[in-house]
Each structure stands twice: as C-alpha cells, then as structure tokens.
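Report on the following structure.
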Amino acid sequence: MSQLPDRPNSDSSGSADQAPQQLLKEFLEKNPEVLRVLLEKPSFGKLLGVFWRGPLPPPEVLEGYDQVVPGAARGIFDQFEKQSEHRRRLEERLLTHLERRDHKALNIVLVIALASVLGSIWLIFTGKSVEGLLTFGSTLTSLLVSYIQGSQQSAKERREKREMLERLDRGEPLEKGSSRGEPGEKK
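Okay, so the sequence shown: first residue is 0 according to numbering that gives the first Met the number 0, each after it adds one.
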C-alpha cells in the first residue's frame with residue numbers, strides 16, 4: 000500500500016497537524032478495503048476530519064457556521080449557555096437531595112439509637128445488667144462506626160458535586176471516567 004504524503008509542517012516534533020494524518024494512515028493500513036473503495040470511486044477525492052475537545056467548536060468553525068447560516072454561532076453559544084444552566088440546576092437539585100437524604104438518615108439513626116439506649120437502661124434497671132451493657136456497648140459501637148463511615152462518604156460526595164459545579168461555572172467540560180463520579184455511581 001502506498002504511503003500517505005506528509006503535509007508540510009514547520010514543527011518537526013510531530014505537532015497536532017500530523018496527529019490526524021497518523022490516525023488516518025493507521026486506519027487505512029488496518030482497513031485496506033476502505034482505501035480500495037476510496038480509490039475506485041473518483042468522487043472521493045479528499046477525506047477531511049475535524050475534531051475538537053470541549054463543549055464549543057473552535058472560532059474558525061464558528062465563523063464557518065456563521066457564513067453558511069448568519070447567527071448560527073450565536074445560536075450555538077445560546078444553546079451551550081442553556082445546557083450549562085440546565086446542568087447546574089440539576090446538580091444543585093442533586094446536592095439538595097443528598098443533604099436531605101443525609102439529614103433523614105441521621106434522624107432515623109437517632110431514633111434507633113435512643114430506643115436502643117433506653118432499652119439498655121431498662122434492661123440494667125430490671126436486673127439484666129450484662130444484657131443491658133452488651134446492648135448499650137454494641138449500639139454505641141455500631142453508631143460510631145456508621146457515623147464515621149457515613150460522614151466520610153457524605154463529605155466526599157458533597158465535595159465531588161461542589162467541584163463539578165465549580166468546573167461547570169468555569170466552563171470546563173465534564174468528562175466520563177474522571178474523578179468526580181456520576182450521580183449514583185459506586186466507587
């Protein structure tokens with residue numbers, strides 16, 4: 000198979016201009032039938048791929064959209080702003096939900112703990128000291144372990160969600176697989 004011609008480039012270190020060429024070259028080497036089809040059909044004279052990272056296209060692409068459809072770039076920005084605001088509202092609702100959930104869980108644990116402590120005291124006063132002390136000790140130990148683990152997990156979730164909101168406010172893209180975690184995702 001023939002080599003794809005190198006594009007002239009002033010940067011000899013293999014810049015971003017060469018990356019798409021290299022990807023295309025590797026793809027065609029792995030899939031020679033695609034190259035054969037492209038060469039057999041003269042209507043396919045040039046293959047162009049444009050990639051960018053982030054929520055908005057580069058300025059040159061936006062200018063191109065505006066040339067084809069006047070005001071298209073403004074529309075893209077408006078849509079991006081609406082989507083960003085929508086995501087922020089969802090994240091704020093999620094944070095509120097997490098805080099309410101934690102508060103409800105704390106109230107439930109408090110009721111259970113009080114019932115266990117009162118039961119322990121009742122057992123001690125009715126002459127069952129060993130059972131009462133064991134109930135009290137196991138209740139206290141369970142509460143401490145649960146509280147420590149729950150506090151750490153809740154703090155981590157809230158910190159991750161707040162960091163996500165801060166990234167959204169700065170206009171940074173959110174990527175899959177990053178350390179922020181998805182809602183409901185187990186780590």
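Where a beta carbon is used, it is the ideal one built from N, C-alpha and C, also for glycine.
All values derive from a computational prediction rather than experimental measurement.
Query, Result
"Residue range of the alpha helix (DSSP H) that threonine 134 falls in?", "128 to 169"
"Using 8 Å as the Cβ pair cut-off and three pairs as the minimum, do the stretch 113 to 121 and the stretch 135 to 151 touch?", "yes"
"How many whole angstroms separate the CB atoms of aspartate 101 and serine 153, which I take to be in contact at a CB cut-off of 8 Å?", "5 Å"
"Below 8 Å, how does it come out for the stretch 125 to 137 and the stretch 159 to 174: are there three or more Cβ pairs, yes or no?", "no"
"Using alpha carbons as the reference points, say which of Glu91, Arg73, Leu132, Ile111 lies closest to glutamate 159.", "Glu91"
"Just to check my reading of the structure: leucine 132 and isoleucine 120 have Cβ atoms closer than 8 Å, yes? What is that Cβ distance to the nearest angstrom?", "With 8 Å as the limit, leucine 132 and isoleucine 120 do not qualify as a contact, their Cβ atoms being about 10 Å apart."
"Is threonine 125 helix, strand or coil by DSSP?", "coil"
"In chain order, what residues of the same chain lie with their CB nearer than 6 Å to the CB of alanine 71, ignoring the 5 residues before and after it?", "Tyr64, Asp65"
"Give the DSSP-derived three-state secondary structure of valine 49 in the structure shown.", "coil"
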